[in-house]
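Undergrad: Under full-length UniProt numbering, the residues of the sequence shown are numbered 1 to 229, in order.
Beta carbons: idealized from backbone N, C-alpha and C, even for Gly.
Dropping a structure here in structure tokens format, bear with me for questions.
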Amino acid sequence: MKTNEISGGREIKRALRPLLLEGSPESVETELLSYPLRRVVSPIIGFFCDREELVRWRAVTALGMVANALARENMEEARVVMRRLMWTLNDESGGIGWGAPEAMGEISAVNKRVAAEYHRILCSYVSEEGNFLEHEILQRGALWGLCRLAETDPEKVAAAAPDVRIHLASKDPVKQGLALLFAARTGDHTARPHAEALKSSPHPFSFYTEWHVTPTTVGDQAQNLLQKA
Numbered sequence: 001m002k003t004n005e006i007s008g009g010r011e012i013k014r015a016l017r018p019l020l021l022e023g024s025p026e027s028v029e030t031e032l033l034s035y036p037l038r039r040v041v042s043p044i045i046g047f048f049c050d051r052e053e054l055v056r057w058r059a060v061t062a063l064g065m066v067a068n069a070l071a072r073e074n075m076e077e078a079r080v081v082m083r084r085l086m087w088t089l090n091d092e093s094g095g096i097g098w099g100a101p102e103a104m105g106e107i108s109a110v111n112k113r114v115a116a117e118y119h120r121i122l123c124s125y126v127s128e129e130g131n132f133l134e135h136e137i138l139q140r141g142a143l144w145g146l147c148r149l150a151e152t153d154p155e156k157v158a159a160a161a162p163d164v165r166i167h168l169a170s171k172d173p174v175k176q177g178l179a180l181l182f183a184a185r186t187g188d189h190t191a192r193p194h195a196e197a198l199k200s201s202p203h204p205f206s207f208y209t210e211w212h213v214t215p216t217t218v219g220d221q222a223q224n225l226l227q228k229a
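Now the structure itself:
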């Protein structure tokens with residue numbers, strides 16, 4: 001039984017990887033929902049460490065699709081997925097949690113019930129008084145996750161604005177750019193002076209949105225915020 005389960009997981013990964021690279025969101029979702037939902041969770045999380053950036057990101061979207069379907073069937077199953085992601089960010093897990101905050105943001109963005117229960121935990125990952133993530137890459141992930149939830153429900157993450165705003169002074173252009181995007185999506189007018197100072201910044205970074213990794217710059221995001229402000 002155990003061998004069959006492992007083999008099944010490998011088969012699922014072999015089937016999904018080319019689809020994540022070349023397929024559309026619709027084709028990926030159709031394939032995912034053809035499997036028993038609980039069995040695809042582990043293979044998808046495994047893609048969070050894939051060598052291809054696009055596969056890593058699209059796996060985040062894919063887990064959102066699966067968790068949303070699980071939540072519609074049985075909310076507790078979606079909670080299990082969220083708790084699993086949270087555990088990977090816990091020091092006691094022995095892991096690092098690559099992709100976990102991004103996935104938490106994606107799942108919360110596509111399912112309001114999940115967002116209602118877990119948005120405060122997502123916000124806590126950027127708070128020094130909460131569950132602050134020390135690793136730079138995980139900080140990027142938490143910022144992206146907050147930006148993603150802010151896209152669908154900005155009120156859920158508005159309380160994180162002061163903590164996110166700190167990253168506007170970061171030397172990391174990715175964190176600067178994500179902090180600017182977050183401010184634009186949540187209507188954080190307090191970030192406007194920072195945006196004025198960054199509007200000419202040429203520093204590039206890439207942002208994953210709508211199935212694609214999109215190149216942009218810190219200056220572009222600052223201009224976007226100023227136009228909205």
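1. Within a Cβ cutoff of 6 Å, which residues of the same chain sit near K199, ignoring the five residues on either side of it in sequence?
2. Determine the burial state of W87: buried for a count of at least 16 other Cβ atoms within 10 Å of its Cβ, exposed for fewer.
3. Using a Cβ-Cβ cut-off of 7 Å (strictly less than) and excluding sequence neighbours within five positions of L37, which residues of its own chain qualify?
4. Between which residues of its own chain and L20 is the CB-CB distance below 6 Å, once the five residues before and five after are set aside?
5. Which one of K156, R192, Y35 and G177 has the shortest CA to CA distance from H203?
6. With distances taken Cα to Cα, identify the nearest neighbour of K175 among F48, E151, F207 and R17.
7. Got a sec, what are the start and stop residues for the beta strand (DSSP E) T217 sits in?
8. Excluding the five sequence neighbours on either side, which residues of its own chain have a C-beta within less than 6 Å of the C-beta of A184, listed in chain order?
9. Mapping the DSSP letters down to three states, classify S206 as helix, strand or coil.
10. What does a CB cutoff of less than 6 Å around D163 pick up in its chain, not counting 5 residues either side in sequence?
11. Assuming G64 and V110 make a contact with CB atoms under 8 Å, what is their CB distance in whole Å?
12. Three Cβ pairs or more, each shorter than 8 Å: is that satisfied between the stretch 26 to 35 and the stretch 71 to 80?
13. The alpha helix (DSSP H) with S42 in it runs from where to where?
14. Whole angstroms are fine: how far does the CA of T190 sit from the CA of R84?
15. From the DSSP output, in three-state form, read off L33 for me.
16. Please report the residue range of the alpha helix (DSSP H) in which L138 lies.
17. Quick check: what's the CA-CA separation for M1 versus I96?
18. Is the beta carbon of C123 sitting closer than 8 Å to the one on A78?
19. Do you know offhand how far Q139's Cα is from A15's?
20. Under the three-state reduction of DSSP, which class applies to G130: helix, strand or coil?
21. Does R140 come within less than 8 Å of chain C when only Cβ atoms are used?
TA: Result, derived from the coordinates:
1. Start at 1 with the first residue of the sequence shown, and residue 199 comes out as number 199. Taken in chain order, the residues that qualify are G219, A222 and Q223.
2. For this step, residue 87 is matched to residue 87 along the sequence shown. Answer is exposed; the Cβ neighbour count stays below 16.
3. Reading the sequence shown from its first residue, position 37 is the one you call residue 37. Contacts found: V66, A69 and L70.
4. Against the sequence shown, residue 20 aligns to sequence position 20. The answer, listed in chain order, is V55 and R58.
5. Looking up residue 203 in the sequence shown gives position 203. With distances taken between Cα atoms, H203 lies closest to G177.
6. If you number the sequence shown from 1, residue 175 lands on position 175. The candidate whose alpha carbon is nearest that of K175 is F207.
7. Residue 217 sits at position 217 when you count from the first residue of the sequence shown. Segment H212 to T217, the beta strand (DSSP E) holding T217.
8. Counting from one through the sequence shown, the residue named residue 184 turns up at place 184. Result list for A184: N224, L225 and K228, in chain order.
9. Numbered from 1 along the sequence shown, position 206 holds the residue referred to as residue 206. The answer is strand: DSSP assigns S206 an E or B state.
10. As a working note, residue 163 is residue 163 in the sequence shown. The residues are V126 and S127.
11. Numbered from 1 along the sequence shown, position 64 holds the residue referred to as residue 64. Numbered from 1 along the sequence shown, position 110 holds the residue referred to as residue 110. Contact flag correct, Cβ pair sits at about 5 Å.
12. Judged by Cβ distances under 8 Å, the stretch 26 to 35 makes no contact with the stretch 71 to 80, as fewer than three pairs qualify.
13. Numbered from 1 along the sequence shown, position 42 holds the residue referred to as residue 42. For S42, the enclosing alpha helix (DSSP H) has its first and last residue at L37 to G46.
14. If you number the sequence shown from 1, residue 84 lands on position 84. If you number the sequence shown from 1, residue 190 lands on position 190. Straight-line Cα distance between these residues: approximately 35 Å.
15. The residue labelled residue 33 in the question sits at position 33 within the sequence shown. Residue state, collapsed to three classes: coil.
16. As a first step, residue 138 must be located in the sequence shown, where it is residue number 138. For L138, the enclosing alpha helix (DSSP H) begins and ends at E136 to T152.
17. Position 1 of the sequence shown, counting from 1, holds the residue named residue 1. Position 96 of the sequence shown, counting from 1, holds the residue named residue 96. Caution applies to M1, whose pLDDT of 34 falls short of 50 and renders its modelled position unreliable; the value that the coordinates give is listed next. Take the alpha-carbon of M1 and the one of I96: they are about 30 Å apart.
18. What you label residue 123 is simply residue 123 of the sequence shown in a count that begins at 1. What you label residue 78 is simply residue 78 of the sequence shown in a count that begins at 1. In this structure, A78 does not lie closer than 8 Å to C123 by Cβ.
19. Counting from one through the sequence shown, the residue named residue 139 turns up at place 139. Counting from one through the sequence shown, the residue named residue 15 turns up at place 15. When rounded, the distance between both Cα atoms is 31 Å.
20. Here residue 130 is taken as the residue at index 130 of the sequence shown, counted from 1. It is coil, neither helix nor strand.
21. Among the chains of the structure shown, chain C does not appear; only one protein chain is present.
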